[in-house]
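Peer 1:
Numbering (the UniProt record's numbering), first residue to last: 1 to 235.
(1) Roughly how many angstroms lie between the CA atoms of residue 219 and residue 111, to the nearest whole one?
(2) Return the CA-CA distance between residue 115 and residue 138, expressed in angstroms with no decimal places.
(3) On the three-pair Cβ rule with 8 Å, is the segment 126-136 touching the segment 91-103?
(4) State buried or exposed for residue 175, treating a residue as buried only when at least 16 other CB atoms are found within 10 Å of its CB.
(5) According to DSSP, residue 31 sits in a beta bridge with which residue or residues?
(6) Is the distance from the Cβ of residue 106 to the Cβ of residue 66 below 7 Å?
(7) Going along the chain, which residues of its own chain have a beta-carbon closer than 6 Å to the beta-carbon of residue 129, five neighbours each way excluded?
(8) According to the neighbour-count rule (16 or more other Cβ atoms, all chains shown, within 10 Å of its Cβ), is residue 7 buried or exposed?
(9) Can you look up residue 198 in the DSSP assignment and give me helix, strand or coil?
(10) With 16 other CB atoms within 10 Å as the buried threshold, where does residue 152 fall?
(11) Let's test the definition: count the other Cβ atoms within 10 Å of the Cβ of residue 31 and tell me whether it reaches 16, buried, or not, exposed.
(12) Here's a check: name, in chain order, each residue in its chain whose Cβ is nearer than 6 Å to the Cβ of residue 227, leaving out the five neighbours to either side.
(13) Run through DSSP, which three-state label would residue 153 get?
(14) Which term fits residue 33, buried or exposed, when burial requires 16 or more other beta carbons within 10 angstroms of its beta carbon?
(15) Could you name the residues that DSSP lists as bridge partners for residue 140?
(16) Could you tell me whether the Cβ atoms of residue 35 and residue 9 are closer together than 7 Å?
(17) On the DSSP bridge assignment, give the partners of residue 58 in chain order.
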C-alpha cells in the first residue's frame, strides 16, 4: 500500500507489532490523533476499539472462512463482519464494508448480507442439524504431539481402538482419525488428533471417562504429549 498511497500514514496493528507492553495503546492513541489514516491488522482491530474516522473496512479472503474445514469458521466470520460493520461509519459518517470473495453467491453470505445475522444464524443452525454437528451433537477432541511425526498417530490409533472396544461404546459413537491437526506442526512438534462425536453428551462423557482410566496402559502414552478438549472451539 505504501507505493499506492505515498503521502498517507499507514499503521500495522497485530500481535507481532503490539507484543511490547503499552504498544497497542500507543498505536490506538496515534490513530485517534489522526496520525494513521490506513490501518492494516488482524481481528484485534475489530474488538471493541472506537475509531470515529474509519469509514471503509475491507475483509480479505472471506472464502477461507466460508469453505474452511472448521465448521465454526463461517460463524466467526459473520460475527467479525457484524463487528466491523459497526466500526465503519460513526459520528454521523457513512461507512462501507468491502468483502474479498470468489463466491458472492454463497448462500450463507447472501443471507448475512441481505437478511442480517439472526437469519444467518438460523440458516447455519439448520445446516449443522442436517449434518449432525454441534449443538445437535457433542464433540471431544484428543490431540497428541511428538517430535518425529510417528508416535502421536500411533498413540491415537491405540486410543481409538481402546475407545471403540469400550463396553460403553455404541453404534452412535463416531470417531474421526487419527488425522493431522489443522495446524499440523507448531513449535517444532507434529500434531495429530482424533475427534469423537455422539448425540448424547452424557454418554460421550461416560465413554471418554472410562477410557481415560486405561490410557496409561497404552505403549505410546509416555512418548507423546496429549490433551483432551471437550466441546472444542478450534479443530
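Beta carbons: idealized from backbone N, C-alpha and C, even for Gly.
Peer 2: Once the coordinates are examined:
(1) Residue 219 sits at position 219 when you count from the first residue of the chain shown. Residue 111 sits at position 111 when you count from the first residue of the chain shown. Cα to Cα, the separation comes out at about 50 Å.
(2) Indexing the chain shown from 1 puts residue 115 at position 115. Indexing the chain shown from 1 puts residue 138 at position 138. Each residue's alpha carbon lies about 29 Å from the other.
(3) no
(4) Position 175 of the chain shown holds residue 175. Residue 175 is buried by the Cβ-count criterion.
(5) Along the chain shown, read from residue 1 onward, the residue named residue 31 stands at position 31. Looking at the DSSP assignment, residue 31 forms no beta bridge with any residue, so it has no partner.
(6) By one-based count along the chain shown, residue 106 stands at place 106. By one-based count along the chain shown, residue 66 stands at place 66. Yes, these two residues count as a Cβ contact at 7 Å.
(7) The sequence position of residue 129 within the chain shown is 129, counting from 1. 136, listed in sequence order.
(8) If you number the chain shown from 1, residue 7 lands on position 7. Residue 7 is exposed by the Cβ-count criterion.
(9) Taking the chain shown and counting its residues from 1, one reaches residue 198 at position 198. Here residue 198 carries a strand assignment [DSSP, helix/strand/coil].
(10) As a working mapping, residue 152 is identified with position 152 in the chain shown. Buried is the call here.
(11) Stepping through the chain shown from its first residue, residue 31 is reached at position 31. Counting Cβ neighbours within 10 Å, residue 31 comes out buried, since at least 16 surround it.
(12) Looking up residue 227 in the chain shown gives position 227. So the qualifying residues of the chain are 143.
(13) As a working note, residue 153 is residue 153 in the chain shown. Three-state result, residue 153: helix.
(14) Counting from 1 along the chain shown, the entry for residue 33 is found at position 33. Exposed: under 16 other Cβ atoms inside 10 Å.
(15) For this step, residue 140 is matched to residue 140 along the chain shown. 196, 230, per the DSSP bridge assignment.
(16) Working through the chain shown from its first residue, we reach residue 35 at position 35. Working through the chain shown from its first residue, we reach residue 9 at position 9. It is a contact, given that the beta carbons lie within the stated cut-off.
(17) Taking the chain shown and counting its residues from 1, the one referred to as residue 58 is at position 58. DSSP output for residue 58 lists 98 as bridge partner(s).
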